[in-house]
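Undergrad: Can you read through this structure? Questions will come right after.
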Amino acid sequence: MKNFWLRKWTGYVIVEIKTKYPERVLNQLFQSGTILWNVSRISEELIRFSMFMKDHHKLDEIEAKEAIEIHFMKPKGLPVWLSILKNNIGFLVGAFIALLFLFILSNMIWNVEIRGASPALTYKIEKQLKELGVRIGGLQFFVDPPEVLQEKITKMNEEITWIGVNIHGTSYSFQVVEKEQPEKEKPLSPRNLVAAKEAVIVDYFVEKGKPLIAVNDYVKPGQILVSGLIGNDNEQRIIPAKGVVLGKTWYKTETEVNMKTKKPVLTGKTKNKNGIKIGSLYIPIWGFGDVPYKDTKVEEEESKLKIFNKTLPFSFVQQSIKEVEYREITYTKEEAKKLALEISKKDLLRQLPEDSKIIGEKILHERIDNGKFKIAILYDVVENIATEQPIIQSN
């Protein structure tokens, strides 16, 4: 074991010598005090052995006296490695600096996001985070762990119920839950609830006021549904009526669909482009040149780059640009009708209040005219028909 480490530290070399008298060479080396090992005879005139590098000059002395051919095969040991390092010092220093640079980038804060807070509270928390070292361009080494940040921010802001801290690579995300402040109800003026449109009453809920309708009643626009005048003949008072009255109403729609239309179809031709995205900046690295297609569909896949489990502030983007052709198609009557019904219902739902519901439909008429399918539909809709009507008090 001692000899092994000695060889490693001082360095040694494997030597092949070709001569008519190999034994004479070995004897001269032994007599000069040279240490040899792994001595082997390859052929009648060729021998191989290992020796320390510091003794290789003794072979030069023998070579001056004897007719020999010397071939140094494999230098090994620490001096050899030091020589390699010396010859490649520039590359090693560059690689070290690059790794150090990537390490710093991967531990730098590139994004800070605060969600769930009002604008005023968001501004306040941003200032507090900067004081705690959480800022774009700051290093994560000098930032407290998430649980400590959570505790400090909560103590600094009485209006916060809870704040969550998440670290995604080089991004810090803060989810804020503010304390709910009870809203003060504005005083309401005396009023009735009247019908906004003609309907048949389906259901109602009265919180304040006197209901003047029943289920299945037909009402006209302006008719009082819930009165703000309550009490009896001897004693009456006026209040703001409050409630919900659901009525079945009717909507008529007319929709047209072209029997012939153009539909986009992929041809199978594709051009690929690759690039690097840094923030909003896109740098192309492959697939230069114009796209040779008139109409296209672009599919993009973005892959975040990571190092040491940290997400770097740039990503690799692959774009697939596919050629599209518009081909004319002709609908059958049933296909056009189905499409018209879908369009009609979607258009109506966009017009209706949020809590409304379509409960029925009836086709009034349908026809094909000048290459268009035309249809008229009557929809039954349940919606809140109550609207406010102020009660004007006379002196």
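Counting from 1, position 127 in the sequence shown corresponds to residue 110 in my numbering; the numbering is continuous, with no gaps.
Backbone N, C-alpha and C fix where the C-beta goes; we use that ideal spot for every residue, glycine too.
None of these values were measured; they are calculated from a predicted model.
Rounded to whole angstroms, what's the CA-CA distance from residue 14 to residue 46? Just pull it up for me.
TA: 16 Å
Undergrad: Measuring alpha carbon to alpha carbon, tell me which of 352, 281 and 364 ends up nearest residue 230.
TA: 364
Undergrad: Take the Cβ of residue 207 as the centre, count every other Cβ of all protein chains shown within 10 Å, and call the residue buried at 16 or more, exposed below.
TA: buried
Undergrad: Kindly indicate if chain B contains any beta-carbon less than 9 Å away from that of residue 249.
TA: Note that chain B does not occur in the displayed structure, where there is just one protein chain.
Undergrad: So what's residue 122 in DSSP terms, helix, strand or just coil?
TA: strand
Undergrad: The beta strand (DSSP E) with residue 232 in it runs from where to where?
TA: Where residue 232 is concerned, the enclosing beta strand (DSSP E) stretches over 225 to 241.
Undergrad: Report the three-state DSSP secondary structure of residue 263 (helix, strand or coil).
TA: coil
Undergrad: Within a Cβ cutoff of 8 Å, which residues of the same chain sit near residue 340, ignoring the five residues on either side of it in sequence?
TA: Apart from sequence neighbours up to five positions away, the residues of its chain that approach residue 340 with a beta-carbon distance below 8 Å are 364, 365 and 366, ordered along the chain.
Undergrad: Closer than 8 Å is the cut-off here; do at least three beta carbon pairs connect the segment 209 to 216 with the segment 246 to 266?
TA: no
Undergrad: Pull up the distance between the alpha-carbon of residue 220 and that of residue 172, whole angstroms please.
TA: The straight-line gap from Cα to Cα measures roughly 13 Å.
Undergrad: Using a 10 Å radius around the Cβ and a threshold of 16 neighbouring Cβ atoms, would you call residue 395 buried or exposed?
TA: With the chain covering only -16 through 378, there is no way to say anything about residue 395.
Undergrad: What separation, rounded to the nearest whole angstrom, lies between the Cα atoms of residue 28 and residue -5?
TA: In a straight line, the C-alpha of residue 28 is about 23 Å away from that of residue -5.
Undergrad: At what residue ranges does the segment 288 to 371 contain a whole run of the alpha helix (DSSP H), taking only runs of 4 or more?
TA: 316 to 334
Undergrad: Using three-state DSSP, classify residue 151 as helix, strand or coil.
TA: strand
Undergrad: Taking the DSSP output, what are the residues bridged to residue 106?
TA: BP columns for residue 106 are empty, so no partner.
Undergrad: Check each candidate in 60, 0, 22 and 21 and name the one with the smallest Cα separation from residue 43.
TA: 0
Undergrad: For residue 318, collect the residues of the same chain with a Cβ closer than 7 Å to its Cβ; drop the 5 residues on either side in sequence, then sort them by chain order.
TA: Beyond the five residues adjoining it in sequence on each side, residue 318 comes within less than 7 Å, by CB distance, of no other residue in the same chain.
Undergrad: Between 191, 342 and 142, which lies nearest to residue 226 when the distance is taken from Cα to Cα?
TA: 191
Undergrad: Can you tell me which of 187, 106 and 98 puts its alpha carbon nearest to the alpha carbon of residue 146?
TA: 98
Undergrad: Between which residues of its own chain and residue 121 is the CB-CB distance below 6 Å, once the five residues before and five after are set aside?
TA: Closer than 6 Å at Cβ, skipping near neighbours: 92.
Undergrad: Quick check: the Cα distance between residue 350 and residue 105, rounded to an integer number of angstroms?
TA: 58 Å
Undergrad: Below 9 Å between beta carbons: does that hold for residue 263 and residue 281?
TA: no
Undergrad: Below 9 Å between beta carbons: does that hold for residue 56 and residue 31?
TA: Yes, Cβ-Cβ distance for residue 56 and residue 31 is below 9 Å.
Undergrad: Measure the Cβ-Cβ separation of residue 360 and residue 232 and say whether it is below 9 Å.
TA: no
Undergrad: Considering only their Cβ atoms, is the gap separating residue 374 from residue 178 smaller than 9 Å?
TA: no
Undergrad: Is DSSP giving residue 144 helix, strand or coil here?
TA: strand
Undergrad: Could you give the residue range of the beta strand (DSSP E) that holds residue 191?
TA: Counting along the chain, the beta strand (DSSP E) containing residue 191 begins and ends at 182 to 191.
Undergrad: Where does residue 116 sit, in a helix, a strand or coil, going by DSSP?
TA: coil
Undergrad: Keeping to the same chain, check which residues put their C-beta closer than 6 Å to that of residue 123; ignore five residues upstream and five downstream.
TA: Excluding residues within five positions, the ones whose Cβ falls inside 6 Å are 90.
Undergrad: Given residue 238, which residues of its chain have a CB within under 6 Å of its CB, disregarding the five upstream and five downstream residues?
TA: 323, 326, 327 and 358
Undergrad: In this structure, does DSSP put residue 64 in helix, strand or coil?
TA: helix
Undergrad: Thinking just about the alpha-carbon of each residue, which of 34, 133, 205 and 335 is nearest to the one in residue 370?
TA: 205
Undergrad: Taking residue 464 and residue 175 to be in contact with their CB atoms under 8 Å, please state how far apart those CB atoms are, rounded to whole angstroms.
TA: Since the first and last residues shown for the chain are -16 and 378, residue 464 lies out of range.
Undergrad: To which residues does DSSP link residue 82 through a beta bridge?
TA: Paired residue(s): none; residue 82 is not in a bridge.
Undergrad: To which residues does DSSP link residue 212 through a beta bridge?
TA: Looking at the DSSP assignment, residue 212 forms a beta bridge with 221.
Undergrad: Hey, residue 143 and residue 131: beta-carbon distance below 9 Å or not?
TA: no
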